[in-house]
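Note sheet for the following structure.
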Amino acid sequence: MTTLSTPLVRQHPHLRPFNARKDLLSVANLIEICFASTLDADGRRYVRQLKHMARNTAALQMAIGSHNRSPVPAAGFVWEERGEIVGNISLIPFTWHSKRFYLIANVAVNPAYRRRGIGRQLTQAGVEYALSHSNAAPWLQVRADNPTAIRLYQSLGFVEKYRRNTWLSTHQQSEATLLAGMRVTTRQRGDWALQKRWFDSLYPDDILWQFDFTAQAQAPGISGWWHRLLKGIFLRQWSIRFRGQLTGVLSWQSQGGAHTRLWLSIHPTYEQLTLPAMLWYARQRLKRYHLTFNYPAGRQEALILNQGFVLQHTLVWMRWQNIAKA
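For the sequence shown, the residue numbers in my numbering are -2 to 323.
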């Protein structure tokens, strides 16, 4: 789990590779301190997992040796002064369409040590490592309400590609119902061509790697069934028609717990008509589940809020292109 050095690491005495056995508890505490005001339920669960593994040698050893996705970072760097870890960056590997690349995450600097360029040097080390250990440029995600971090990443060559909202269901009553002339049925095989076109429009392929989900998971017939079986995906799908015309397909992905994900494929002309009905139906049909879905930022936000969903966060997806912005 210890990473290899980069030229920047060899130049700086405070910067060194992350060592899970030695550093994990300190890194978990640092993440908790730095992101205390923005950690959601998933974030707090993640920190608890890190702390548990740091204190459980057997669990940590299993995570280090696992080829499956683990909460323990596969690689990273820390900034250490006087024996205390005051900065961290994690590198999470992904493979997508035969390309191997890294997501840069958990960029954290203790508040008492900020404005000293530590975050910049950690990020530079992360980029150097990612480029030398993959065949594609690294990605990172940053909250849209953190302009200081966005400017830092832009100055290091990262370019904004997408802004995406993550929405969560609440107990608030939805305002929508099905309109007259609107009907919901089980998804039909003949709906697939339009569904895929609309899905690809709302969920570009180069964001789906994080969710390990593709349009193929929704395909009818043996190909879709086989894909879902191999990936361990449980999916249910419903089509929405207005006056006999298909206007959207709702897919519900169960993730083996109370939290489940929605995927929305919507006719762009009928988005304002179909989206509220789709969300209303999901909440009626799936009442006992916590629902979450990802959607383009700035798109139908007031409408979604009115259907009993709350905005968890808006993330700026940035990819390194070596286009430094002063």
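Yeah, the Cβ is synthetic: ideal placement off N, Cα and C, and Gly gets one too.
HIS287 - DSSP class collapsed to helix/strand/coil: DSSP places HIS287 in strand when its eight states are reduced to three.
Rounded C-alpha distance that separates HIS328 from TRP93: Shown here, the chain extends from -2 to 323; a query on residue 328 therefore has no answer.
Considering just the uninterrupted stretch of the beta strand (DSSP E) at TRP397, what are its terminal residues? Residue 397 lies beyond the range of the chain shown here (-2 to 323); nothing can be said about it.
Quick check: what's the CA-CA separation for GLU78 versus GLY114? 14 Å
Name the DSSP beta bridge partners of PHE74, please? PRO14, ILE86
Secondary structure at SER251, three-state DSSP: helix, strand or coil? strand
How many Å lie between LEU12 and HIS310 at the Cα? 31 Å
Rounded to a whole number of angstroms, what is the C-alpha to C-alpha distance between ARG97 and ASP142? The alpha-carbon separation between ARG97 and ASP142 amounts to approximately 29 Å.
Quick check: ILE86 and VAL69, are their CB atoms within less than 9 Å of each other? no
Where VAL181 sits in the DSSP three-state scheme: strand
Can you give me the Cβ contacts of GLY305 inside the same chain, cut-off strictly under 7 Å, excluding the 5 residues immediately before and after it? SER166, THR167, GLN169, GLN170, SER171, ARG280
So what does DSSP say about THR145, is it helix, strand or coil? Three-state DSSP puts THR145 in a helix.
Give the C-beta separation of PHE74 and ALA127 to the nearest angstrom, bearing in mind that I take them to be a contact with Cβ-Cβ under 8 Å. Actually they do not touch by this definition, with Cβ atoms about 11 Å apart.
Are the beta-carbon atoms of VAL124 and LEU153 separated by less than 9 Å? yes
Using a Cβ-Cβ cut-off of 7 Å (strictly less than) and excluding sequence neighbours within five positions of GLN46, which residues of its own chain qualify? Hits under 7 Å: PRO68.
Just how far apart, CA to CA, sit LEU308 and LEU302? 8 Å
I need the DSSP call for TRP317, collapsed to helix, strand or coil. strand
Taking just the CA atoms, how far does LEU243 sit from PHE91? 35 Å
Taking only the alpha-carbon atoms, compute the straight-line gap between ARG41 and ARG316 and give it to the nearest angstrom. 26 Å
In the DSSP output, what is ARG97 paired with across the bridge? THR92
May I have the straight-line CA-CA distance separating GLY80 from LEU276, to the nearest angstrom? 51 Å
Once you ignore the five residues that flank VAL156 on each side, which residues in its own chain have a CB closer than 7 Å to its CB? MET315, ARG316, GLN318, ILE320
Within 10 angstroms of the Cβ of HIS264, are there 16 or more other Cβ atoms? Answer buried if so, exposed if not. With at least 16 other beta carbons inside 10 angstroms of its own, HIS264 counts as buried.
Give me the Cα-Cα distance between CYS31 and SER95, rounded to the nearest whole angstrom. 35 Å
Spatial distance of LEU270 from TYR43 (CA atoms): 37 Å
Give the DSSP-derived three-state secondary structure of SER34 in the structure shown. coil
Compute the Euclidean distance between the alpha carbons of ASN26 and THR35, then round it to the nearest angstrom. 15 Å
Considering only their Cβ atoms, is the gap separating LEU21 from MET50 smaller than 9 Å? yes
Reduced DSSP category for ALA102 - H, G, I as helix; E, B as strand; rest coil: strand
Report all residues from its chain with a CB closer than 7 Å to the CB of ARG233; omit the five preceding and five following residues, and keep chain order. TRP249
Just to confirm my understanding: we take TYR278, look at its own chain, exclude 5 residues before and 5 after, and list those with CB closer than 8 Å. What are they? Once the five neighbours on either side are set aside, the close Cβ partners of TYR278 are LEU175, VAL181, TRP235, ILE237, LEU247.
Note the first and the last residue of the continuous beta strand (DSSP E) segment covering SER171. Premise fails: SER171 is in no beta strand (DSSP E) and is neither H nor E.
Quick check on DSSP: helix, strand or coil for GLY245? strand
GLN213 vs GLN192 beta-carbon contact at 9 Å: no
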